Amino acid sequence: MERIYLDHAATAPMHPRVIETMTDAMQSEFGNPSSIHSYGRSARHLLDTARSEIARSIGAAPNEIIFTSGGTEADNMALIGMAEALKDKGKHIITTEIEHHAILNTCHFLEKSGYELTYLPVDETGMISLEQLNSVLRDDSILVSIMFGNNEVGTVQPIREIGALLKEHSAFFHTDAVQAYGLLPFDVKQMGIDLLSVSAHKINGPKGIGFLYAGNNVPILPRTYGGEQERKRRAGTENVPAIAGFSEAVKISKESMAEKTEQYAGFKRIVINIFEREDIEYQVNGNAESCLPHILNVSFPGANVESMLVNLDLAGIAASSGSACTAGSIEPSHVLVSMFGKGSERTRNSIRFSFGFGNSEQQVEKAALETAKIVKRLVNK
Amino acid sequence: MNKAPKDTRVVVGMSGGVDSSVAALLLKQQGYDVVGIFMKNWDDTDENGVCTATEDYNDVIAVCNQIGIPYYAVNFEQQYWDKVFTYFLDEYKAGRTPNPDVMCNKEIKFKAFLEHAVSLGADYLATGHYAQVEFRDGEYKMLRGIDENKDQTYFLNQLTQDQLEKVMFPLGGMDKSKVREIAKEAGLATAAKKDSTGICFIGERNFKEFLSNYLPAQPGTMQTLDGEVKGKHDGLMYYTIGQRQGLGIGGSGEPWFVVGKDLQKNILYVGQGFDNNLLYSDSITGVNVSWVSDREIPAEFECTAKFRYRQADNEVKVKILPDNTVSVIFKEPIRAITPGQAVVFYNGEECLGGGTIDEIFKSEEKLTYVG
Chain E
1 MERIYLDHAA
11 TAPMHPRVIE
21 TMTDAMQSEF
31 GNPSSIHSYG
41 RSARHLLDTA
51 RSEIARSIGA
61 APNEIIFTSG
71 GTEADNMALI
81 GMAEALKDKG
91 KHIITTEIEH
101 HAILNTCHFL
111 EKSGYELTYL
121 PVDETGMISL
131 EQLNSVLRDD
141 SILVSIMFGN
151 NEVGTVQPIR
161 EIGALLKEHS
171 AFFHTDAVQA
181 YGLLPFDVKQ
191 MGIDLLSVSA
201 HKINGPKGIG
211 FLYAGNNVPI
221 LPRTYGGEQE
231 RKRRAGTENV
241 PAIAGFSEAV
251 KISKESMAEK
261 TEQYAGFKRI
271 VINIFEREDI
281 EYQVNGNAES
291 CLPHILNVSF
301 PGANVESMLV
311 NLDLAGIAAS
321 SGSACTAGSI
331 EPSHVLVSMF
341 GKGSERTRNS
351 IRFSFGFGNS
361 EQQVEKAALE
371 TAKIVKRLVN
381 K
Chain L
382 MNKAPKDTRV
392 VVGMSGGVDS
402 SVAALLLKQQ
412 GYDVVGIFMK
422 NWDDTDENGV
432 CTATEDYNDV
442 IAVCNQIGIP
452 YYAVNFEQQY
462 WDKVFTYFLD
472 EYKAGRTPNP
482 DVMCNKEIKF
492 KAFLEHAVSL
502 GADYLATGHY
512 AQVEFRDGEY
522 KMLRGIDENK
532 DQTYFLNQLT
542 QDQLEKVMFP
552 LGGMDKSKVR
562 EIAKEAGLAT
572 AAKKDSTGIC
582 FIGERNFKEF
592 LSNYLPAQPG
602 TMQTLDGEVK
612 GKHDGLMYYT
622 IGQRQGLGIG
632 GSGEPWFVVG
642 KDLQKNILYV
652 GQGFDNNLLY
662 SDSITGVNVS
672 WVSDREIPAE
682 FECTAKFRYR
692 QADNEVKVKI
702 LPDNTVSVIF
712 KEPIRAITPG
722 QAVVFYNGEE
732 CLGGGTIDEI
742 FKSEEKLTYV
752 G
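These protein sequence lines are chains E and L, in that order. The numbering of the first sequence is the numbering used here, which starts it at 1 and goes up by one. The numbering of the second sequence is the numbering used here, which starts it at 382 and goes up by one.
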């Protein structure tokens, strides 16, 4: 059975060029970048080159990049590191209801530690309101954390406008860009972003590596203590091979950004055309004007997401319901609940397809046809 | 259905125990297209905040990967609450001793879960129950498991033809010791796992404490039928007919047993001696009776019956009454029959069906004191 992977928003396969880069690095660069000898210098050179490449991709300076173990650590560091650094200035933090759990659960931790959190709601398309953000900003607001592109429905927030709004305010602006990075152009300075989280494995890089961009004016406190790596903000010997692979993945994503955007838009059209032709009932979730190119979240009225996903998997098609579930948990997606309300059927019948490296039109066509078949079977039983 | 095994999809209900693990393994070895599914019916966390179902699901994952079959989880918490737990509490409130396993099989495992399996293209649903299904004389028969000590037809008594048609019990023809042996030989992660005991959602916990979270306990008087007060009870729901433990009646002579309850007056009746006459009855009525066979049942017939799990068979005469009720007359008096438990009928190895024990009689007189 030919398997089709349409869950690139969960994680993506490593690009062969990344594997090659990492293999080379593992074979020849085992030195510790902090060592004074030639082995160390050589590893340091690789590290610095990667850091520059990555910094350039978002318009930042190399010393504004803090390598982390991934997006979750970057998010934790941004929120807790800033909250601690600014606790004398205020204890109010603003975020949204549709953040990734790496943000939401960190916020819950901060609430328990005495911080006051405001969770902005979103409209039916998953979009926050700038007016509302403006109205909840207070003198003691120290940080605003709003995700760039949503991992479940793909809605892209008005980041530039938020950045502009916060320029007039002392609160710092963090954005979780794990899902958007590599697919949309970034310029942190122009966009008014103070902190930004990215993960490598979503862009065909290795797992276990990511970064937090923290602008030079940002007073972030470290979360781990030890050596002087990452300008003392994240101690621990650098994962040089992973960082080298990450840097290669960044290069590839820059080269192919325009092409991917066009290709994924085509994939979405194929899926929708097939759903129309097969005459199944569906609704696309998210914001048609402002969305990530690779995410297509669809509701199938009358179908049940658990049955849908298992049927798809048994047919060799990997998709997801947005948030991974364990041991049969049926917590409906908090993103869909925020968009449609707790009682809405759409929180229980939505499937996320996410496209990426290696997908072809034929695959997408086949998956859409199979999906239509399953929907018909489940809905008309 | 005459499909080859490789074209026959069998969904195995996997609990994370050794029985369902071996059931899946055997089917896989027979060449079926096997899919393992874990059912989550109850949300519970231990003292460290770890969801207890997660541990079991991790075992399911380990075993399925060993066997080489896909695995998934499905959630029936809502249905379980509505159909099983609500019934469970209602029965306790009515002063009876419910059997949630029978209800779970009827409403969840072989209904909601079976429907789920079918929606995944399954031809059959298999479980690790110790029972057998056989197609004979133009209909499906449900037979006892070969392992007398493990036979679970008592809990499956409400199954009907529609369900049996789609059900497989791969362990019905073997002893538990053989199941353990197969698991050990295959090196399954669950080979040495302890069998679960008690009611699934209560587990190893203190039953009294569990129940008190859902039903207010009303302590009251403990007395003999003659009105002699023997002490206090903690709440009628904590006691079941024939129970000896936890009465705390001291003194000389034979031990004391629960012989009945008065729900209205909140009195627990006790009597002295295991063989106390008050504990014996000679007929009952059964309600919500269901028969395995679709065919017409004779108005009156003789067979054997069990009134609790693992009880030896009793010779009885069954008279069919209207509205799925029956009268069951025993050849010999039987001790400690408990309203709310299941009465299950057998003809030799064949399980005929069963119902819920309702009223209890002796010499045609209703025993009002049993509740």
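Beta carbons: idealized from backbone N, C-alpha and C, even for Gly. Nothing here was measured: the structure is a model prediction, and the numbers come from that model.
CB contact flag (residue i, residue j, <8 Å)
{"i": "L:G734", "j": "L:S671", "result": "yes"}
{"i": "L:V499", "j": "L:Q539", "result": "no"}
{"i": "E:S307", "j": "E:R346", "result": "no"}
{"i": "L:L764", "j": "L:L617", "result": "Missing from the structure shown is residue 764 of chain L; chain L here goes from 382 to 752 and no further."}
{"i": "L:Y505", "j": "L:V441", "result": "no"}
{"i": "L:G666", "j": "L:T478", "result": "Residue 666 of chain L is actually Thr in this sequence, not Gly. No, these two residues do not count as a Cβ contact at 8 Å."}
{"i": "E:A242", "j": "E:P293", "result": "no"}
{"i": "L:A570", "j": "L:A443", "result": "yes"}
{"i": "E:F211", "j": "E:D176", "result": "no"}
{"i": "E:G71", "j": "E:A50", "result": "no"}
{"i": "E:G226", "j": "E:G215", "result": "no"}
{"i": "E:T11", "j": "E:K251", "result": "no"}
{"i": "L:L524", "j": "L:A404", "result": "no"}
{"i": "L:G430", "j": "L:T508", "result": "no"}
{"i": "E:A9", "j": "E:I295", "result": "yes"}
{"i": "L:F726", "j": "L:A680", "result": "no"}
{"i": "E:P121", "j": "E:E99", "result": "no"}
{"i": "L:I718", "j": "L:V697", "result": "no"}
Paired residues, beta bridge with residue i - DSSP
{"i": "E:E331", "result": "In the DSSP output, where bridge partners are listed per residue, E:E331 has none listed."}
{"i": "E:A318", "result": "E:Y5"}
{"i": "L:F726", "result": "L:A686 and L:G734"}
{"i": "L:V560", "result": "Bridge partners of L:V560: none, in fact."}
{"i": "L:W637", "result": "L:Q653"}
{"i": "L:G417", "result": "L:V393 and L:Y452"}
{"i": "E:A214", "result": "E:L195"}
{"i": "E:M26", "result": "DSSP output for E:M26 lists no bridge partner at all."}
{"i": "L:K642", "result": "L:L649"}
Which of helix, strand or coil DSSP assigns to residue i
{"i": "E:M14", "result": "coil"}
{"i": "E:S184", "result": "The amino acid at residue 184 of chain E is misidentified as Ser; the sequence shows Leu. In this structure, E:L184 counts as strand in the three-state DSSP scheme."}
{"i": "E:V122", "result": "coil"}
{"i": "E:A288", "result": "coil"}
{"i": "E:N297", "result": "strand"}
{"i": "E:E281", "result": "coil"}
{"i": "L:A405", "result": "helix"}
{"i": "E:E259", "result": "helix"}
{"i": "E:M147", "result": "coil"}
{"i": "E:H45", "result": "helix"}
{"i": "L:Q604", "result": "strand"}
{"i": "E:G71", "result": "helix"}
{"i": "L:L506", "result": "strand"}
{"i": "E:R56", "result": "helix"}
Below-8 Å beta-carbon distance, residue i vs any chain E residue
{"i": "L:P481", "result": "no"}
{"i": "L:P597", "result": "no"}
{"i": "L:V350", "result": "Here chain L covers residues 382 to 752 and nothing more, so residue 350 of chain L does not appear."}
{"i": "L:Y461", "result": "no"}
{"i": "L:P451", "result": "yes"}
{"i": "L:L702", "result": "no"}
{"i": "L:L501", "result": "yes"}
{"i": "L:V455", "result": "yes"}
{"i": "L:K416", "result": "Reading the sequence as shown, one finds Val at residue 416 of chain L and not Lys. True, the Cβ-Cβ gap to chain E drops below 8 Å."}
{"i": "L:H497", "result": "yes"}
Cβ of residue i within 8 Å of any chain L Cβ
{"i": "E:D313", "result": "yes"}
{"i": "E:E306", "result": "yes"}
{"i": "E:V310", "result": "yes"}
{"i": "E:L104", "result": "no"}
{"i": "E:L336", "result": "no"}
{"i": "E:L184", "result": "no"}
{"i": "E:L6", "result": "no"}
{"i": "E:L47", "result": "no"}
{"i": "E:L369", "result": "no"}
{"i": "E:M212", "result": "Note that residue 212 of chain E is Leu in the sequence shown here, rather than Met. Not closer than 8 Å to any Cβ of chain L, the Cβ of E:L212 fails to qualify, so no."}
Query - Continuous beta strand (DSSP E) assignments of at least 3 residues falling wholly in the stretch 668-720 of chain L - result: 681-687, 695-702 and 706-716
Query raised in the report: What are the uninterrupted segments assigned as alpha helix (DSSP H) that are 4 or more residues long and contained completely in the stretch 78-136 of chain E, given in chain order?
Result: 101-112 and 130-136
**Report entry** Residue ranges of each alpha helix (DSSP H) within the stretch 423-487 of chain L, 4 or longer
**Finding:** 433-448, 458-461, 467-474 and 481-485
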